[in-house]
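There are 2 protein chains.
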Amino acid sequence: MLELKLQHILTLAELFAKGARYNFVPITTSSLGKSIHRSQQAASKHLLELESDGYIERLRSGKRVSVRITTKGHVEMSKIFSVLKSSLETSPSFVEFKGTIVSGMGEGAYYMSMKGYARQFKSKLGYVPFPGTLNVKLKDKEFIEAKRSLDAYPAIMVSGFSDGKRSYGWVKCYPARVNNSVEAALILLERTHHDDSVIELISKENIKKMTKLATGSQITIRVRVPSKPPQ
Amino acid sequence: MLELKLQHILTLAELFAKGARYNFVPITTSSLGKSIHRSQQAASKHLLELESDGYIERLRSGKRVSVRITTKGHVEMSKIFSVLKSSLETSPSFVEFKGTIVSGMGEGAYYMSMKGYARQFKSKLGYVPFPGTLNVKLKDKEFIEAKRSLDAYPAIMVSGFSDGKRSYGWVKCYPARVNNSVEAALILLERTHHDDSVIELISKENIKKMTKLATGSQITIRVRVPSKPPQ
DNA sequence: ATTACTATCTCACGAGTAC
DNA sequence: TGTACTCGTGAGATAGTAA
Numbered sequence: 001m002l003e004l005k006l007q008h009i010l011t012l013a014e015l016f017a018k019g020a021r022y023n024f025v026p027i028t029t030s031s032l033g034k035s036i037h038r039s040q041q042a043a044s045k046h047l048l049e050l051e052s053d054g055y056i057e058r059l060r061s062g063k064r065v066s067v068r069i070t071t072k073g074h075v076e077m078s079k080i081f082s083v084l085k086s087s088l089e090t091s092p093s094f095v096e097f098k099g100t101i102v103s104g105m106g107e108g109a110y111y112m113s114m115k116g117y118a119r120q121f122k123s124k125l126g127y128v129p130f131p132g133t134l135n136v137k138l139k140d141k142e143f144i145e146a147k148r149s150l151d152a153y154p155a156i157m158v159s160g161f162s163d164g165k166r167s168y169g170w171v172k173c174y175p176a177r178v179n180n181s182v183e184a185a186l187i188l189l190e191r192t193h194h195d196d197s198v199i200e201l202i203s204k205e206n207i208k209k210m211t212k213l214a215t216g217s218q219i220t221i222r223v224r225v226p227s228k229p230p231q
Numbered sequence: 232m233l234e235l236k237l238q239h240i241l242t243l244a245e246l247f248a249k250g251a252r253y254n255f256v257p258i259t260t261s262s263l264g265k266s267i268h269r270s271q272q273a274a275s276k277h278l279l280e281l282e283s284d285g286y287i288e289r290l291r292s293g294k295r296v297s298v299r300i301t302t303k304g305h306v307e308m309s310k311i312f313s314v315l316k317s318s319l320e321t322s323p324s325f326v327e328f329k330g331t332i333v334s335g336m337g338e339g340a341y342y343m344s345m346k347g348y349a350r351q352f353k354s355k356l357g358y359v360p361f362p363g364t365l366n367v368k369l370k371d372k373e374f375i376e377a378k379r380s381l382d383a384y385p386a387i388m389v390s391g392f393s394d395g396k397r398s399y400g401w402v403k404c405y406p407a408r409v410n411n412s413v414e415a416a417l418i419l420l421e422r423t424h425h426d427d428s429v430i431e432l433i434s435k436e437n438i439k440k441m442t443k444l445a446t447g448s449q450i451t452i453r454v455r456v457p458s459k460p461p462q
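From first to last, the protein sequence lines are chains A and B.
Numbering-wise (my numbering), the first sequence opens with residue 1 and increments by one.
Numbering-wise (my numbering), the second sequence opens with residue 232 and increments by one.
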């Protein structure tokens, strides 16, 4: 449980930044106020409260007032820090989809086995996919939204081509894991015959066989995304 | 400048902890309220405000509401995190003393050169000190306080002894740097003839010579302390 | 210049409650 | 069960000012 009031976090952080952990550092309430973007009076009150709660000590030498952070203050600050640290760091960095397997119509499979695509899959994914895409009907709005937001993340781009008779659109591939075991790729097609609520997967092997699942089964797909804390 | 209201920090942290960065996570305002030690109403308001400020997105599927943190939310959280991180990490981990050199009375020097002490200095500090301690009159109350608080930090202990005629007290040594250049040790004596406002230093060489300082000069001493964030 | 009091205001929170 | 209104209270902010 956090003892330190949230309003005091930045004040205490500022004192740390000023080097007040192990030494008494001279400080005025008006300069401190500016640093924490509050009034001089607010800074004064913060210091009074931090002092009476035992997070800091103050010493006046004549006019000047010096402040030092106590061990208690250090502990409390470290607590808050580690709460934030762990909530940021334990955040899983994948986009998850849940849905049910629907019967593939063979159509996707047909296109994906075309030489113009297969060649690229081989060089960019490292394998020629099993001929037959796995179609998954998403269970919920949030997964449809997640599908849309995939656009924001880096993908392996397979370009479209033309065979003279007609042209074929690009395919974006997102390496993914099915039921946390089988490696596959979620593919977004430039031209698709599915609505938003269906995703397609390709894999080196037959995913149904590998996962021992059949049409109608529940399935979970995870697409890794870079977890870089922005900025 | 921080945009995020302090009151929302823990709420957003909790959402991160629940995995809401890359996926919509179902959540109720009452459970969230419990997690942040606030009421259901407060949690509800936090979500509304976080949403209208663009830090989170919400999606209702019937009764259930799911929440996802936006990139803006992630950026803002990372900012706060790095503010705290840098204020904790850039905190210098030494105790500093400033004062003026006062004429050593030779007394300290006499004791410190006794075999019972010198032997221990040699094995524990690695050298037999120059015969003559440097006495520094501390400039300000805060340094006297700092001297007192040295007790809390680990020291090299030189034990007392007896030569038959009389006994000599222990000496605590704190490795230190003088004027950020010369290696020395601040010593605390069990039995001292000085008052609180004077500290004594020993060193392998003559500190005055090494630093080209004389009696009356200003001097700065830094004692390293372990910066481990407690707990 | 300082710090910190008093008065005042705003807004965060929880209680009660509608939906 | 849920979410989110309104409203009363008081914590936390600033302004003005004393010392």
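For glycine and all other residues, C-beta sits at the position ideal for the given N, C-alpha and C.
All of these numbers come straight from a predicted model, not from anything done at the bench.
- request: Out of 402(B), 246(B), 334(B), state which residue places its alpha-carbon closest to the alpha-carbon of residue 344(B).
  value: The residue given as residue 344(B) occupies position 113 in the second sequence. Considering only alpha carbons, the answer is 402(B).
task: Taking only beta carbons into account, state which residues of the stretch 342 to 355 of chain B come closer than 9 angstroms to chain A, listed in chain order.
output: Answer set for the stretch 342 to 355 of chain B: empty.
task: Assuming residue 201(A) and residue 134(A) form a contact by the criterion Cβ under 8 angstroms, report the distance between their Cβ atoms to the nearest whole angstrom.
output: What you label residue 201(A) is simply residue 201 of the first sequence in a count that begins at 1. What you label residue 134(A) is simply residue 134 of the first sequence in a count that begins at 1. Cβ atoms of residue 201(A) and residue 134(A) come within 8 angstroms of each other, at about 4 angstroms.
query: Can you name the residues that DSSP bridges to residue 137(A)?
result: Against the first sequence, residue 137(A) aligns to sequence position 137. In DSSP, residue 137(A) forms a bridge with 100(A), 198(A).
Contacting positions in the stretch 16 to 31 of chain A - beta carbon closer than 7 angstroms to chain B: If the cut-off is 7 angstroms between Cβ atoms, the stretch 16 to 31 of chain A has 16, 17, 19, 21, 22, 23, 24 near chain B.
query: What residues in the stretch 317 to 331 of chain B bring their beta carbon closer than 8 angstroms to a beta carbon of chain A?
result: Within the stretch 317 to 331 of chain B, the qualifying residues are 317, 318, 319, 321, 322, 323, 324, 325, 326, 327.
message: Nearer than 7 angstroms: is that true of the beta carbon of residue 297(B) relative to any heavy atom of the ligand HEM?
response: The ligand HEM is not among the ligands present in this structure, which contains no ligands whatsoever.
message: For the stretch 125 to 151 of chain A, list every residue whose C-beta sits within 9 angstroms of some C-beta in chain B, in sequence order.
response: Residues 140, 141, 142, 143, 145, 146, 149.
- request: Would you mind telling me which residues of chain A sit closer than 9 angstroms to residue 312(B), beta carbon to beta carbon, in chain order?
  value: The residue given as residue 312(B) occupies position 81 in the second sequence. In chain order: 81, 84, 85, 88, 229.
- request: Could you tell me which of 429(B), 324(B), 424(B), 297(B) sits nearest to residue 257(B), measuring between CA atoms?
  value: Looking up residue 257(B) in the second sequence gives position 26. Ranking 429(B), 324(B), 424(B), 297(B) by Cα distance to residue 257(B) puts 297(B) first.
Exposed unless 16 or more other CB atoms sit within 10 angstroms - verdict on residue 120(A): In the first sequence, counting from the first residue as 1, residue 120(A) sits at position 120. When all chains shown are included, residue 120(A) counts as buried.
field: Close-in-space but distant-in-sequence residues of the same chain around residue 224(A) (CB under 6 angstroms, 5 per side omitted)
entry: Along the first sequence, read from residue 1 onward, the residue named residue 224(A) stands at position 224. So the list reads 94, once near-sequence residues are dropped.
task: Consult DSSP for residue 27(A) and reduce its assignment to one of helix, strand or coil.
output: Residue mapping note: residue 27(A) aligns to position 27 of the first sequence, counting from 1. When secondary structure is reduced to three states using DSSP, residue 27(A) falls in the coil class, being assigned neither helix nor strand.
field: Neighbour list for residue 214(A) in chain B, Cβ cutoff strictly below 9 angstroms
entry: The residue labelled residue 214(A) in the question sits at position 214 within the first sequence. By Cβ distance, chain B contributes nothing, its closest Cβ being about 26 angstroms from residue 214(A), past 9 angstroms.
- request: With DSSP collapsed to three states, give me the class of residue 204(A).
  value: Along the first sequence, one-based indexing puts residue 204(A) at 204. It is coil, neither helix nor strand.
task: Counting only the same chain and skipping the five closest in sequence on each side, list residues whose C-beta sits under 8 angstroms from that of residue 287(B).
output: Looking up residue 287(B) in the second sequence gives position 56. For residue 287(B), where only same-chain residues beyond five positions count, the Cβ hits under 8 angstroms are 243, 246, 251, 278, 281, 298, 299, 300, 301, 304.
query: In chain order, what residues of the same chain lie with their CB nearer than 7 angstroms to the CB of residue 428(B), ignoring the 5 residues before and after it?
result: To locate residue 428(B), count along the second sequence from 1; it is residue 197. For residue 428(B), the CB contacts under 7 angstroms within the same chain, skipping 5 residues up- and downstream, are 368, 369, 375 in chain order.
task: To the nearest angstrom, report how far apart residue 269(B) and residue 238(B) are at their CA atoms.
output: Taking the second sequence and counting its residues from 1, one reaches residue 269(B) at position 38. Taking the second sequence and counting its residues from 1, one reaches residue 238(B) at position 7. Approximately 11 angstroms, taken between the alpha carbons.
task: Taking residue 6(A) as the query, report the chain B residues whose CB atoms sit under 8 angstroms from its CB, ordered along the chain.
output: In the first sequence, counting from the first residue as 1, residue 6(A) sits at position 6. Those are 237, 238, 240, 241, listed as they occur along chain B.
message: So residue 451(B) and residue 329(B) are supposed to be a Cβ contact under 8 angstroms. How far apart are they, rounded?
response: Here residue 451(B) refers to the residue found at position 220 when the second sequence is read from its first residue. Here residue 329(B) refers to the residue found at position 98 when the second sequence is read from its first residue. The C-beta distance from residue 451(B) to residue 329(B) rounds to 5 angstroms, short enough to fall under 8 angstroms.
message: Less than 6 angstroms between C-beta atoms, sequence neighbours within five positions excluded: which residues of the same chain meet that for residue 355(B)?
response: Translated into positions along the second sequence, residue 355(B) becomes position 124. Around residue 355(B): 387.
- request: Could you name the residues that DSSP lists as bridge partners for residue 81(A)?
  value: Translated into the one-based positions of the first sequence, residue 81(A) becomes position 81. Residue 81(A) pairs with nothing; no bridge assigned.
- prompt: What number of angstroms, rounded off, separates the C-alpha of residue 255(B) from the C-alpha of residue 166(A)?
  reply: Position 24 of the second sequence, counting from 1, holds the residue named residue 255(B). Position 166 of the first sequence, counting from 1, holds the residue named residue 166(A). If you draw a straight line from the Cα of residue 255(B) to the Cα of residue 166(A), it is about 39 angstroms long.
- prompt: If you count every other CB in all the chains shown that lies within 10 Å of the CB of residue 1(A), and 16 or more means buried, which is it?
  reply: Locating residue 1(A) in the first sequence gives position 1, where the first residue counts as 1. Counting Cβ neighbours within 10 Å, residue 1(A) comes out exposed, since fewer than 16 surround it.
query: Applying a beta-carbon distance threshold of less than 8 angstroms, which residues of chain A neighbour residue 448(B)?
result: Position 217 of the second sequence, counted from the start, is the residue given in the question as residue 448(B). In chain order: nothing, as chain A lies at least about 21 angstroms away.
- prompt: Rounded to the nearest angstrom, how far is the Cβ of residue 203(A) from that of residue 92(A), given a contact under 8 angstroms?
  reply: Here residue 203(A) is taken as the residue at index 203 of the first sequence, counted from 1. Here residue 92(A) is taken as the residue at index 92 of the first sequence, counted from 1. Not confirmed; about 22 angstroms, so no contact.
query: So which residues of chain B does residue 225(A) contact, with C-beta pairs closer than 8 angstroms?
result: On the first sequence, residue 225(A) is found 225 positions in, with the first residue counted as 1. Against chain B, a Cβ distance below 8 angstroms from residue 225(A) picks out 253.
- prompt: Near residue 103(A), what residues of its chain come up, given a Cβ to Cβ distance below 7 angstroms and the 5 sequence neighbours on each side ignored?
  reply: If you number the first sequence from 1, residue 103(A) lands on position 103. Around residue 103(A), the same chain offers 215 as residues with beta carbons nearer than 7 angstroms, after the five sequence neighbours per side are excluded.
query: Where residue 36(A) and residue 28(A) are concerned, what is the direct C-alpha to C-alpha distance, given to the nearest angstrom?
result: Indexing the first sequence from 1 puts residue 36(A) at position 36. Indexing the first sequence from 1 puts residue 28(A) at position 28. Taking the Cα positions, residue 36(A) is about 13 angstroms away from residue 28(A).
message: In whole angstroms, give me the CA-to-CA distance for residue 357(B) and residue 253(B).
response: Here residue 357(B) corresponds to residue number 126 of the second sequence, with the count starting at 1. Here residue 253(B) corresponds to residue number 22 of the second sequence, with the count starting at 1. Here the alpha carbons of residue 253(B) and residue 357(B) stand approximately 56 angstroms from one another.
- prompt: Do you know how far the Cα of residue 236(B) is from the Cα of residue 349(B)?
  reply: To locate residue 349(B), count along the second sequence from 1; it is residue 118. To locate residue 236(B), count along the second sequence from 1; it is residue 5. It is roughly 60 angstroms from the alpha-carbon of residue 349(B) to the alpha-carbon of residue 236(B).
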